[in-house]
């Protein structure tokens with residue numbers, strides 16, 4: 041049973057949805073096939089799990105305005121990762137241990153009970169923070185009952201201690217938490233339990249002065265540790281990295297280490313950090329293992345506190361969305377991301393061209409345009425440089441001499457052109473998903489990925505292709 045306070049907060053959130061439903065739905069920039077908040081602000085995806093044949097995606101949600109505050113957990117379900125149903129609100133910030141926000145966390149199947157772990161955020165009258173790792177349970181996967189606090193802050197850490205991800209290994213449950221030490225460096229911290237309620241602190245497995253990472257961010261958020269293709273991967277979001285060349289240009293970063301976790305020594309032996317996504321809006325990724333054995337990732341299509349008041353959607357009382365579901369594979373120590381195959385169910389009205397040839401010119405192809413489409417360029421052969429201009433609001437450029445792939449867009453904050461880049465030794469394919477105000481680009485079958493929001497004029501749906509030199513490619517386009 042939910043407490044009276046929690047039920048009151050949930051009813052207030054539903055009232056907010058109804059109050060602004062028309063305003064939200066009239067926004068041209070609402071996305072067609074991405075998860076969004078029904079009103080207000082959405083951020084981190086939480087509790088990703090494939091449970092009893094159903095995919096569950098919970099998310100951080102502020103229903104009452106488009107800024108941050110005491111977060112709820114919203115909830116979507118799907119049987120196919122394409123068609124989603126908005127479920128009852130899962131958690132509201134109602135108790136002494138989470139009154140200033142039910143922060144991010146994860147989900148597990150505990151003998152048929154869908155069990156959530158999350159961070160309870162508490163602030164006193166002076167703004168001093170306390171955090172608790174909390175648990176809630178559901179027999180039907182829809183109605184959740186909070187069971188209270190299971191982990192309190194261990195010695196040596198500030199109250200920036202959050203985002204528990206829980207999994208089972210052998211007979212034990214493990215929890216990794218994002219943390220800031222009292223030395224003000226970011227860490228990933230490990231706990232162990234037999235029963236999900238009593239947790240033993242094992243120590244920091246990465247970050248701080250471990251593996252020469254003492255200057256690698258002042259806080260690590262949203263850790264996720266999992267096995268993939270015979271190795272172990274730690275996803276993490278380090279805050280406070282300084283830009284290096286083409287790397288680390290967002291406010292905060294998202295990426296991964298590949299290595300091996302020594303469960304007994306509580307240490308993760310790993311290689312270097314690699315960014316997961318090279319675009320403008322990508323943060324707080326989380327993964328789940330589905331019943332087909334796939335490791336699937338979904339992230340927040342946003343970044344913390346970056347020009348949020350300037351988003352064009354704020355005028356329609358909503359902001360932010362989640363990325364498409366992506367399957368992960370590990371090849372030669374690098375994560376590849378590809379859109380899940382189920383997204384092909386969205387396709388209609390295919391248009392295809394083979395052997396398109398461009399030499400020192402810019403062209404448009406009949407039927408290759410639109411605002412809610414999928415584009416697939418294959419067999420790219422390039423002598424020189426190429427450019428794809430998208431709705432006069434974004435450009436994708438590959439410089440074959442410098443081996444650099446660039447995504448440019450017009451900033452929604454100031455209208456100026458801004459760019460994100462990565463090194464790419466060669467380019468043989470581009471797979472793009474355009475929604476009314478988002479773009480996700482998968483280069484070379486997911487070797488590199490760019491995710492971004494952009495806000496073109498409604499009437500400009502043109503796409504052009506240009507080459508400085510010679511470019512040959514095959515292309516398929518679908519409306520979605």
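In this note's numbering, the protein residues as written are 41 to 520. Each residue gets a CB set at the ideal place from its N, CA and C atoms; glycine is no exception.
- Task: Quick one: grab the DSSP three-state call for residue 516.
- Result: Under the three-state reduction of DSSP, residue 516 is assigned to strand.
- Message: With H, G and I counted as helix, E and B as strand and the rest as coil, what does DSSP make of residue 49?
- Response: The answer is helix: DSSP assigns residue 49 an H, G or I state.
- Item | Unbroken beta strand (DSSP E) run spanning residue 219, endpoints | Looking at the DSSP string, the run of the beta strand (DSSP E) that includes residue 219 is 212-221.
- Message: For residue 335, tell me which candidate among 90, 57, 42, 394 has the shortest Cα-Cα distance.
- Response: Nearest of 90, 57, 42, 394 to residue 335, Cα basis: 90.
- Unbroken stretches of the beta strand (DSSP E), 3 residues or longer, contained in the segment 456-510: Runs found: 457-463, 470-475, 478-483, 488-493.
- Counting only the same chain and skipping the five closest in sequence on each side, list residues whose C-beta sits under 7 angstroms from that of residue 104. Result list for residue 104: 56, 80, in chain order.
- How would you call residue 136, buried or exposed, if buried means at least 16 neighbouring beta carbons within 10 angstroms? Here residue 136 is exposed: its Cβ has fewer than 16 other Cβ atoms, across all protein chains shown, within 10 Å.
- Query: Roughly how far, in whole angstroms, is the beta-carbon of residue 477 from the beta-carbon of residue 69, given that I think they are within contact range, below 8 angstroms?
  - Reply: Rounded, the Cβ-Cβ distance is 4 angstroms, consistent with contact.
- Item | Coarse secondary structure for residue 430, derived from DSSP in three states | Strand.
- Cα-Cα separation, residue 448 to residue 460: Roughly 7 angstroms between the two C-alpha positions.
- Mark residue 143 as exposed unless 16 or more other C-beta atoms lie within 10 angstroms of its C-beta, in which case mark it buried. Residue 143 should be labelled buried.
- Item | alpha helix (DSSP H) runs contained entirely in the segment 317-367, provided each spans 4 or more residues | Within the segment 317-367, no complete alpha helix (DSSP H) run reaches 4 residues.
- Message: Quick check on DSSP: helix, strand or coil for residue 59?
- Response: In the structure shown, residue 59 sits in a helix (DSSP, three-state: H, G or I).
- Does DSSP put residue 388 in a helix, a strand or coil? Looking at residue 388 - three-state DSSP - the assignment turns out to be strand.
- Close beta carbons around residue 471, own chain, < 6 angstroms, minus the five adjacent residues each side: Beyond the five residues adjoining it in sequence on each side, residue 471 comes within less than 6 angstroms, by CB distance, of 416, 482 in the same chain, given in chain order.
- For residue 111, which three-state DSSP category applies? Coil.
- Message: Just to confirm before moving on: does the CB-CB distance between residue 321 and residue 491 stay below 8 angstroms?
- Response: Yes; because the gap between Cβ atoms is below 8 angstroms, this pair is in contact.
- Task: For residue 261, name the three-state secondary structure that DSSP assigns.
- Result: Residue state, collapsed to three classes: strand.
- Message: the ligand MG and residue 221: does the residue's C-beta get closer than 7 angstroms to at least one heavy atom of that ligand?
- Response: Ligands are entirely absent from the displayed structure, and the ligand MG is therefore not among its contents.
- Opposite residue 450 in the DSSP bridges: which residues? Partner(s): 457.
- In terms of residues, what are the limits of the beta strand (DSSP E) holding residue 102? The continuous beta strand (DSSP E) containing residue 102 extends over residues 94-102.
- Query: In the structure shown, what three-state DSSP assignment does residue 382 receive?
  - Reply: Note: residue 382 maps to helix in three-state DSSP.
- Report all residues from its chain with a CB closer than 6 angstroms to the CB of residue 331; omit the five preceding and five following residues, and keep chain order. Cβ within range, chain order: 90.
- Message: Please report the distance separating the alpha-carbon of residue 286 from that of residue 319.
- Response: Whole-angstrom Cα-Cα distance: 11 angstroms.
- Message: Taking the straight line between their C-alpha atoms, what separation do you get for residue 453 and residue 506?
- Response: When only Cα atoms are considered, residue 453 and residue 506 end up about 28 angstroms apart.
- Message: Could you give the first and the last residue of the continuous beta strand (DSSP E) run that contains residue 194?
- Response: Residue 194 -> no beta strand (DSSP E), and no H or E assigned at all.
- Query: Near residue 356, what residues of its chain come up, given a Cβ to Cβ distance below 6 angstroms and the 5 sequence neighbours on each side ignored?
  - Reply: Excluding residues within five positions, the ones whose Cβ falls inside 6 angstroms are 63, 64, 67.
- Query: What are the start and end residues of the beta strand (DSSP E) that includes residue 272?
  - Reply: 271-279 is the span of the beta strand (DSSP E), which, as asked, contains residue 272.
- Message: Under DSSP, the beta strand (DSSP E) around residue 287 begins and ends at which residues?
- Response: Membership of residue 287 in any beta strand (DSSP E) is not indicated, and neither H nor E is assigned to it by DSSP.
- Item | 6 angstroms Cβ shell around residue 43 - same chain, five flanking residues per side excluded | Counting only Cβ-Cβ distances below 6 angstroms, and skipping sequence neighbours, we find 134.
- Query: Of the choices 429, 435, 430, 425, whose alpha-carbon is the least far from that of residue 443?
  - Reply: Measuring from the Cα of residue 443, the nearest candidate turns out to be 425.
- Task: Would you mind working out which of 299, 311, 310, 315 sits nearest residue 283, comparing C-alpha positions?
- Result: Each of 299, 311, 310, 315 was checked against the Cα of residue 283, and the nearest Cα belongs to 315.
- Could you round the C-beta distance between residue 85 and residue 99 to whole angstroms and report it? I think they count as a contact, below 8 angstroms. Yes, residue 85 and residue 99 are in contact; Cβ-Cβ is about 5 angstroms, under 8 angstroms.
- What did DSSP end up calling residue 44 once you bin it into helix, strand or coil? For residue 44, the three-state secondary structure derived from DSSP is helix.
- Message: Which residue marks the beginning of the beta strand (DSSP E) containing residue 139, and which one marks its end?
- Response: Taken as a continuous stretch (DSSP letters only), residue 139 belongs to no beta strand (DSSP E), as it is neither H nor E.
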